[in-house]
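> Chains as they are written, first to last, in our numbering: chain A, 1 to 452; chain B, 1001 to 1452.
Here it is as structure tokens:
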């Protein structure tokens, strides 16, 4: 079986399982209690906190465990904003943060705060300079992920931390995707993580607040979820011990996918930074393919992958990450390899993928990979794709582009939001010019100029 | 070993442990995913929700799992208040709610809402009439626990729900302490629970919102903590299957404690309702004893109990529950028996307790149990207990009361907050008259009139 969605979740690490069983016997009591069962639980909790702090690279008294990574983000963001309320109510985030950070920002806006989203480049990375330009006198907090959960691109955290330090703004790093691989470098102020991402159990996050950072928790501290915390800390130590070797191995496997998908699948685009990236994640998009159907077909072939945004795929809204990067979202596939993923599984995936994509395209009536020859035509060509869902508008566009004279334009009428992202992305991939959108009686008219 | 603090936490039920292990293998994936591992997880989650809903007595689509009982309360209270914001911003709670409810109330006040606390009688119960009197036209929500976590007293939930229904106010029931014993009767609107209290794992709460109740969640839904949820639901079914039999057995054991502690320990008061109460909890207070020392000595003798408020004992603030009841808080002991607690352990506890209490009293220089004979004396007697911590002010009072003529008064100067509660409680126990407090240069002067 090819389970390739480790970025969503993975089976409990064997070391974590063992630790969980031991802690269920020894650490079930309330660690705040003074009797023996409570003291025993307290010792386990303290040891787990020490181990996690060592792995993060902080002091044990700077780290608390939370009920999830999302909760750690929420508590960290609200507490840091409240602690610097006198400075102002401005929050800076990157445009490709995890939904937990973006939701915290939306809640902040709903309460009267302001949020600036820093744009990313086509690889999904922010620039330290652009990030610095977003900081203001009233900026209370800045947030940046260590690496992106959808495309694997690593962010320049150390450089951004330096820019924030110079501006006197604390930086919260969402390290959910990278903490299993190593500590986060640089002078960050707050850091969050999620045990489920490093082979630990669900229900455990961590929040680090550096000494000296102003922090005013908005809610009382939670009761610690003890046996799970012990398992989480044990797992973090265990994956760290294998991290360097496993990173090299997985990186070689994802390199293979990065290199070969564009060779094996026509009209596919691998996204994310080819170098500065997480070892186990590779993401690509296939023109003229519907993501959900592709997932179903891959599942039937024995492969479990995710598509688009990890949090919004089921509603079929295009991923905010791919949108911010300006890359294609249709037919999007994220392969995230679990620890121990085997090369043979990856090879079998590469064998199966081209046929699956071709099958989906055939069902949807996609054009043949190479567009037909040029024909003279009508400058006012309009494709009516109203009521058609992604990827049909792009398929219809690709079918008629050959009928447009070079220099001429075609308008695609569409009301599926995904078209706003995918039509420009198709132009970029095909070397055609995207000339912008115009209001239309229904939906939107996307204007494409044929340049070749 | 006598672990008598089940109301704080208990070892995982064997059925829950088995379910947890199975779910770690089968239910580790994200249940929102469409691939096979996700679908398998979804099936386990749906089955757990069905089982929990059946035990609660609600529809499965009315129930969500949360990351703790505290989180369930928080989400329930904030969501119900937001859903009825147009009606008003008034919240009604009882004075003896769990800290999670009171904290939610404090947060509501901090945001400009108002909170009314309904007083309780000496057993810790609210009256439905008094509760109804607190409801107003702008009351958005009312909260009442099913049973008290410190003294075990059951609240008249069905009557209060009826009063709320008549006033058109939704009632949220915090059923954390009782859900393992049975469903909550009456027409409540929202209900919360905590798996850790029914032999399930930490990290799982549940929130029920009846269809038709206006509810506007303040935060996005959390990712479900799946293997733990499966274990929680399995545990709830298992404890319910044994509930009737086990309730009768534990009630007989706590009856023994209720009856014999006042016989065995001089100057001890058993608190809470003798009839309408949880089967496994019995709480008493011992005059002239410091709660923390008593816990330590009981721990040394092999018994794990809690004292005062379950959430504030370590700060030595008197329990808000005992305060609201107007009963003695010093030397407070809560015995909460775990499922399967043995009669022999309880007997041994009753054997050990008198000597432990006597030892603590001797160390503190407490007066002999029967106050000395009457002597004539000074109407203006003042006892200076400034800077002395509970239970010393009461010990000093007891030492001099014999020197006060009948009809005369004594003033106790004290600055420990516990004195405000314990001196009136001592008067009640001793049949003396508490004549109120007066401001003093330092601390407070508590005035006691000798009546016998």
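All C-beta atoms in this analysis are idealised placements derived from N, C-alpha and C, irrespective of residue type, glycine included.
Assess, as a yes-or-no matter, whether the segment 1328–1337 of chain B is touched by the segment 54–71 of chain A under the definition of 3 or more beta carbon pairs within less than 8 Å.
no
> Could you tell me the distance, in whole angstroms, from the CA atom of residue 172 (chain A) to the CA atom of residue 107 (chain A)?
17 Å
> Does DSSP put residue 1287 (chain B) in a helix, a strand or coil?
coil
> Within this structure, are the beta carbons of residue 1209 (chain B) and residue 1079 (chain B) separated by less than 9 Å?
Between residue 1209 (chain B) and residue 1079 (chain B), the CB-CB gap stays under 9 Å.
> Could you please tell me which residues of the segment 65–85 of chain A, in chain order, have their CB closer than 8 Å to any CB of chain B?
67, 68, 70, 71 and 74
> Among residues of its own chain, excluding the 5 on either side of residue 1289 (chain B), which ones have a beta-carbon nearer than 8 Å to its beta-carbon?
So the qualifying residues of the chain are 1330, 1331, 1357, 1360, 1361, 1364, 1366 and 1391.
> Does the ligand PLP have a heavy atom nearer than 8 Å to the CB of residue 1069 (chain B)?
As far as ligands go, the structure on display features none, and thus does not contain the ligand PLP.
> Return yes when the Cβ of residue 1203 (chain B) is within less than 9 Å of the Cβ of residue 67 (chain A), no when it is not.
yes
> Exposed or buried, which one is residue 1396 (chain B) when buried takes at least 16 other CB atoms within 10 Å?
buried
> Could you name the residues of the same chain whose beta carbon sits closer than 6 Å to that of residue 1449 (chain B), not counting the 5 residues immediately before and after it, in chain order?
1409, 1433 and 1435
> Could you tell me which of B:1050, B:1169, B:1131 and B:1388 sits nearest to residue 1155 (chain B), measuring between CA atoms?
B:1131
> What does residue 1203 (chain B) reach in chain A if we use C-beta pairs closer than 7 Å?
67, 203, 225 and 228
> Distance check for residue 1443 (chain B) and residue 1277 (chain B), CA to CA, integer angstroms please.
Their Cα atoms are separated by approximately 37 Å.
> Using a C-beta to C-beta distance shorter than 7 Å, which residues of chain B count as neighbours of residue 36 (chain A)?
1299 and 1304
> Between the segment 18–36 of chain A and chain B, which residues of the former have a C-beta closer than 9 Å to a C-beta of the latter?
20, 21, 24, 25, 28, 29, 30, 32, 33, 34, 35 and 36
> If you measure between the beta carbons of residue 121 (chain A) and residue 146 (chain A), is that distance less than 9 Å?
No, the Cβ-Cβ distance between residue 121 (chain A) and residue 146 (chain A) is not below 9 Å.
> In whole angstroms, what separates the C-alpha of residue 1002 (chain B) from that of residue 1349 (chain B)?
Cα to Cα, residue 1002 (chain B) sits roughly 8 Å from residue 1349 (chain B).
> Do you know how far the Cα of residue 1157 (chain B) is from the Cα of residue 1185 (chain B)?
7 Å
> Do you know offhand how far residue 1055 (chain B)'s Cα is from residue 1196 (chain B)'s?
16 Å
> Looking only at its chain, what residues have a beta carbon closer than 7 Å to the beta carbon of residue 182 (chain A), apart from the 5 residues adjacent to it on each side?
243
> Which same chain residues end up closer than 8 Å to residue 1062 (chain B) when comparing Cβ atoms and leaving out the 5 residues on each side of it in sequence?
Here the set comprises 1053, 1208, 1209, 1210 and 1211.
> Just to confirm the assignment, what range does the alpha helix (DSSP H) spanning residue 26 (chain A) have?
14–26
> Within 9 Å (strictly less), CB to CB, does residue 5 (chain A) reach chain B?
yes
> Within a Cβ cutoff of 6 Å, which residues of the same chain sit near residue 377 (chain A), ignoring the five residues on either side of it in sequence?
Interpretation of residue 377 (chain A) is limited by its pLDDT of 45, a score under 50 that renders its predicted location unreliable; no figure is taken from the coordinates.
> Determine, using beta carbons only, whether residue 463 (chain A) comes closer than 9 Å to chain B.
Outside the displayed span of chain A (1 to 452) sits residue 463 (chain A), for which this structure offers no information.
> Say whether chain A places a C-beta atom closer than 9 Å to the C-beta of residue 1099 (chain B).
yes
> Return the bridge partner residues of residue 1114 (chain B) from the DSSP annotation.
DSSP links residue 1114 (chain B) through a beta bridge to B:1090.
> In terms of residues, what are the limits of the alpha helix (DSSP H) holding residue 227 (chain A)?
Here the alpha helix (DSSP H) through residue 227 (chain A) covers 226–264.
> Under a three-way DSSP split, which group does residue 131 (chain A) fall into?
helix
> Reducing DSSP to helix, strand and coil, say where residue 1303 (chain B) ends up.
Strand at residue 1303 (chain B).
> Using three-state DSSP, classify residue 1329 (chain B) as helix, strand or coil.
DSSP places residue 1329 (chain B) in coil when its eight states are reduced to three.
> CB residue 1022 (chain B) to CB residue 1230 (chain B), shorter than 9 Å?
For the pair residue 1022 (chain B) and residue 1230 (chain B), the CB atoms are nearer than the 9 Å cut-off.
> With a CB to CB cut of under 8 Å and the five nearest residues on each side skipped, what residues in its chain are close to residue 429 (chain A)?
267, 269, 287 and 328
> Taking the beta carbon of residue 457 (chain A) as the centre, do at least 16 other beta carbons fall within 10 Å, making it buried, or is it exposed?
This structure cannot speak to residue 457 (chain A), because chain A is shown only from 1 to 452.
> Between residue 1010 (chain B) and chain A, is the shortest Cβ-Cβ distance under 9 Å, so that the two count as touching?
By this cut-off, residue 1010 (chain B) is an interface position.
> Just curious, the alpha helix (DSSP H) that residue 1083 (chain B) is in, first and last residue?
1069–1083
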